[in-house]
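Just below is one structure, and these are the notes that go with it.
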Amino acid sequence: MGKSLLDYLQEKGLVDEHNANQIRVERTKSSKTEEELIKEKNLVDEVEITKAKSDLFKIPYTDLGSLNITESILREVDINLLKRYKAVPFKHEGDIVSVAMQNPFDVQAIQALEQKYPQGTRLSVFITTPTEINATLERQVGDVMSSEVSQALEDVDSPVQEIDASSTQELSAKDLQNAPVARIVNSIMQYAVSSLASDVHIEPLESRLRVRFRIHGVMAEKLTLPKNLANAISSRIKIMSNLKIDERRVPQDGRFPLKVSGKRIDVRVSTLPMIYGEKVVMRLLESDLGGIAIEKTGLRGHAYKAFLDAIKATNGIILVTGPTGSGKTRTLASSLLKLNDPKVNIVSLEDPVEIRIPGVSQVQVNNDVGLTFAGGLRSILRQDPDIVMVGEIRDQETAELAVQGALTGHLVLSTLHTNSASAAVPRLLDMGVETYLLASSLRAIAAQRLPRRICLNCTEVYPAPPEVMKNIEEALATIKNLDLVAYLNRAVAQQSKDKMFEGVPMKPPEVGPDGKPIIYLYRGKGCDKCGGSGYKGRIGIFEVLIYDEKIGKLTLESAPDTEIEKVAIENGMVTLIQDGYLKAMEGITTIEEVLRVSRD
Numbered sequence: 001m002g003k004s005l006l007d008y009l010q011e012k013g014l015v016d017e018h019n020a021n022q023i024r025v026e027r028t029k030s031s032k033t034e035e036e037l038i039k040e041k042n043l044v045d046e047v048e049i050t051k052a053k054s055d056l057f058k059i060p061y062t063d064l065g066s067l068n069i070t071e072s073i074l075r076e077v078d079i080n081l082l083k084r085y086k087a088v089p090f091k092h093e094g095d096i097v098s099v100a101m102q103n104p105f106d107v108q109a110i111q112a113l114e115q116k117y118p119q120g121t122r123l124s125v126f127i128t129t130p131t132e133i134n135a136t137l138e139r140q141v142g143d144v145m146s147s148e149v150s151q152a153l154e155d156v157d158s159p160v161q162e163i164d165a166s167s168t169q170e171l172s173a174k175d176l177q178n179a180p181v182a183r184i185v186n187s188i189m190q191y192a193v194s195s196l197a198s199d200v201h202i203e204p205l206e207s208r209l210r211v212r213f214r215i216h217g218v219m220a221e222k223l224t225l226p227k228n229l230a231n232a233i234s235s236r237i238k239i240m241s242n243l244k245i246d247e248r249r250v251p252q253d254g255r256f257p258l259k260v261s262g263k264r265i266d267v268r269v270s271t272l273p274m275i276y277g278e279k280v281v282m283r284l285l286e287s288d289l290g291g292i293a294i295e296k297t298g299l300r301g302h303a304y305k306a307f308l309d310a311i312k313a314t315n316g317i318i319l320v321t322g323p324t325g326s327g328k329t330r331t332l333a334s335s336l337l338k339l340n341d342p343k344v345n346i347v348s349l350e351d352p353v354e355i356r357i358p359g360v361s362q363v364q365v366n367n368d369v370g371l372t373f374a375g376g377l378r379s380i381l382r383q384d385p386d387i388v389m390v391g392e393i394r395d396q397e398t399a400e401l402a403v404q405g406a407l408t409g410h411l412v413l414s415t416l417h418t419n420s421a422s423a424a425v426p427r428l429l430d431m432g433v434e435t436y437l438l439a440s441s442l443r444a445i446a447a448q449r450l451p452r453r454i455c456l457n458c459t460e461v462y463p464a465p466p467e468v469m470k471n472i473e474e475a476l477a478t479i480k481n482l483d484l485v486a487y488l489n490r491a492v493a494q495q496s497k498d499k500m501f502e503g504v505p506m507k508p509p510e511v512g513p514d515g516k517p518i519i520y521l522y523r524g525k526g527c528d529k530c531g532g533s534g535y536k537g538r539i540g541i542f543e544v545l546i547y548d549e550k551i552g553k554l555t556l557e558s559a560p561d562t563e564i565e566k567v568a569i570e571n572g573m574v575t576l577i578q579d580g581y582l583k584a585m586e587g588i589t590t591i592e593e594v595l596r597v598s599r600d
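Going left to right, the sequence shown walks through residues 1 to 600 as the working numbering numbers them.
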């Protein structure tokens, strides 16, 4: 009997005996493979696993990221077929094509790919990691978008025929799908999804049509189109969103579902009349709820435990604060997902409903028919809810109803636009909520921001400059009993076990020539995988204020937020900037990002 992957990894010292035996036991009780269990436990990274399989099964390994793969080689086979079989051709010499595959044992895939080449062509199969496959194919999608848009532009006659109400009715669905403008919109959306963009902005300027993506919170220009395409493209998007295509004088809101590479995306559309035409902004919302678990938001340690304890209460108000785009809605959605249970009646009131959660009764605010936050909340409280989520507290009436709901036995979750957790209390008092009612109903307030994560593929480590280290030490001084060197050494030891906060391999603190500790920081140099930015993805930084008797007393006295924050810190609250600095020293984000997003 041949040696298994687990045996080989154990022999190489990559998996210890205890974990190996544990996996063997679990393997007998589940349908998962040894490899799946190894990855699930995060015992060995995927590169080491792939190299081990290469050695064990005598299949050559290749690192696609280090190769210069020409577009012409990738274009020889349909991109969707390559995605289906997780394969990347990277060299074509004579009648031999070198192909990197995630699963080189998939005979059906190899045969299907061979059939796409001229007769007599043979595949030389290599093995590589799933990450390398996906990254290479995502880059190819971007190249495809540019060329498809160029091709579509060539098909567009000049002047461009505008798609208006009358002409649209004469087009069949098939004609519309094949129209050049439809192909341009489809290419833009496909590229936006593969680029992990959260928003697509299509903006008519004086002489051109600009397409920008917001990727990990930062805007980037991706495409320029002729100005005379503006009305045709906005009309195409309106048709997809069931909006009035002949109405260009007032803003409109809509949405449509999108499926790209098997991934379902809900697209929220907003149009806005401008002096040069209509601006269209599309927000891309993933339908898959797997990525919004509360454990993946960035909450951790004392803040995570405190927030979790608060949302498990049966009554009271829990607030999440921060500016627009700081991830408040996602945190509330992850909280509802955690609380979601058939035994509990959860109702939400949102404007708009961004993340759809099965089992939760979600209500869309509609001011045109009188369904406001306040009016909707009044009706919801008559629906026998256990938990109520209000998208945002904007006025006195909504705030007072939320307080009344909390005092009558409901758990109320909502958001508020303030810069810190402590500033939420004076803000609610300014809205006109009575001090004694607020002191009796508040349970916890979380403030958050979303700095970008460091790209794991191009990270470099460097010692923290003295002036930066001084700033960090001053910022962390109020954290009780914090030994920074001991904390970072523990973080190094725990890093391999911590899936949630995956960062770059940490370098432990060292003792400098002067006897002082040298603390290391991290940054991304920029590579193909992160578009040269040095960042990929985002992570939340948080501060969680637990509302206790001392803070209740300050509320009754209408104390300023500085006094409330001081007491919260004495009670053990880690501030936004502190949480950000700790994550920067753990290789998750950078000091620059923390300062960028936490700037008031």
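Just so you know, even glycine gets a beta-carbon here, dropped at the ideal spot from N, CA and C.
- Message: Within 10 Å of its beta-carbon, does Gln119 have 16 or more other beta-carbons around it, so buried, or fewer, so exposed?
- Response: exposed
- If you follow the alpha helix (DSSP H) that Ile564 is part of, which residue opens it and which one closes it? 561-570
- Message: Under 8 Å, with one C-beta from each stretch per pair, do the stretch 508-519 and the stretch 434-453 reach the 3-pair mark?
- Response: no
- Message: What would DSSP say about Asn457, mapped onto helix, strand or coil?
- Response: coil
- Starting from Leu37 and walking both ways along the alpha helix (DSSP H), at which residues does that stretch end? 34-40
- Item | Residue span of the alpha helix (DSSP H) that contains Lys507, given as start and end | Premise fails: Lys507 is in no alpha helix (DSSP H) and is neither H nor E.
- Item | Pairwise C-alpha distance: Val347 and Arg394 | 19 Å
- Message: Per the DSSP calculation, His201 is bridged to which residue(s)?
- Response: Arg212, Val281
- Residue burial classification, Leu9 (beta-carbon count within 10 angstroms, cutoff 16): buried
- Message: If we require 4 or more residues per run, which alpha helix (DSSP H) segments fall completely within the stretch 100-128?
- Response: 107-114
- Task: Give a yes or no on whether the C-beta atoms belonging to Gly217 and Leu450 are separated by under 7 Å.
- Result: Cβ distance < 7 Å, so Gly217 and Leu450 count as in contact.
- Could you check what DSSP says for Pro273 in three-state terms: helix, strand or coil? strand
- Among all the DSSP beta bridges, which residues are the ones paired with Lys221? The sequence given here has Glu at residue 221, not Lys. Arg212, per the DSSP bridge assignment.
- Pro622 to Ile275, Cα distance in whole Å? For residue 622 there is no data in the structure shown, the boundaries of the chain being 1 and 600.
- Message: Which runs of the alpha helix (DSSP H) at least 4 residues long sit entirely within the stretch 460-490? Give them in chain order.
- Response: 466-476
- Tyr547 - DSSP class collapsed to helix/strand/coil: coil
- Cβ neighbours of Glu400 in the same chain (closer than 7 Å, five flanking residues each side left out): Val433
- Do Glu132 and Leu123 have their CB atoms nearer than 7 Å? no
- Query: Counting along the chain, where does the beta strand (DSSP E) carrying Thr321 start and finish?
  - Reply: Note, Thr321: beta strand (DSSP E), 316-321.
- Message: Within 10 Å of its beta-carbon, does Leu137 have 16 or more other beta-carbons around it, so buried, or fewer, so exposed?
- Response: buried
- Task: Leaving out five residues on either side along the sequence, give the residues of the same chain with a beta carbon under 7 Å from the beta carbon of Ile564.
- Result: So the qualifying residues of the chain are Ser422, Val425, Ile551, Leu554.
- Task: Quick one: using the 10 Å Cβ neighbour count with 16 as the cut-off for buried, is Asp175 buried or exposed?
- Result: Summary for Asp175: the model assigns pLDDT 43, below 50, so the residue's position carries little reliability; its value from the coordinates is reported in the next sentence. Looking at its Cβ environment, which holds fewer than 16 other Cβ atoms inside 10 Å, Asp175 is exposed.
- Item | Nearest residue (CA-CA) to Met573, options Glu71, Ala477, Asp45 | Considering only alpha carbons, the answer is Ala477.
- Task: Check whether the stretch 78-90 touches the stretch 30-45, counting contact only when three or more Cβ pairs, one atom from each stretch, lie closer than 8 Å.
- Result: no
- Item | Beta carbon of Ser195 nearer than 7 Å to that of Phe213 | Pairing Ser195 with Phe213 gives a Cβ-Cβ distance under 7 Å.
- Query: If you check the beta carbons only, do Ile294 and Ser334 fall under 7 Å apart?
  - Reply: yes
- Query: Helix, strand or coil: which one does DSSP assign to Asn231?
  - Reply: Asn231 sits in a helix when the DSSP states are folded into three classes.
- Task: Rounded to whole angstroms, what's the CA-CA distance from Gly526 to Arg453? Just pull it up for me.
- Result: 13 Å
- Just how far apart, CA to CA, sit Thr590 and Leu488? 16 Å
- Between the C-alpha atoms of Ala406 and Gln383, what's the straight-line distance to the nearest angstrom? 15 Å
- Task: Alpha carbon to alpha carbon, how far is Thr321 from Tyr436? Give it in angstroms, no decimals.
- Result: If you draw a straight line from the Cα of Tyr436 to the Cα of Thr321, it is about 22 Å long.
- Task: Would you mind reading off the limits of the beta strand (DSSP E) that contains Met389?
- Result: 387-390
- Item | Short Cβ contact (7 Å threshold) for Glu472 with Ile539 | Inspection of the sequence shows that residue 472 is occupied by Ile rather than by Glu. Taking the C-beta atoms as reference points, Ile539 is found no nearer than 7 Å to Ile472.
- Distance, Pro358 Cα to Thr408 Cα: 26 Å
- Item | Span separating the alpha-carbon of Arg24 from that of Ser30 | 10 Å
- State the CB to CB distance for the pair Val185 and Arg236, rounded to an integer number of angstroms; the pair is presumed to be in contact (CB under 8 Å). About 5 Å separates the two Cβ atoms, so the contact holds.
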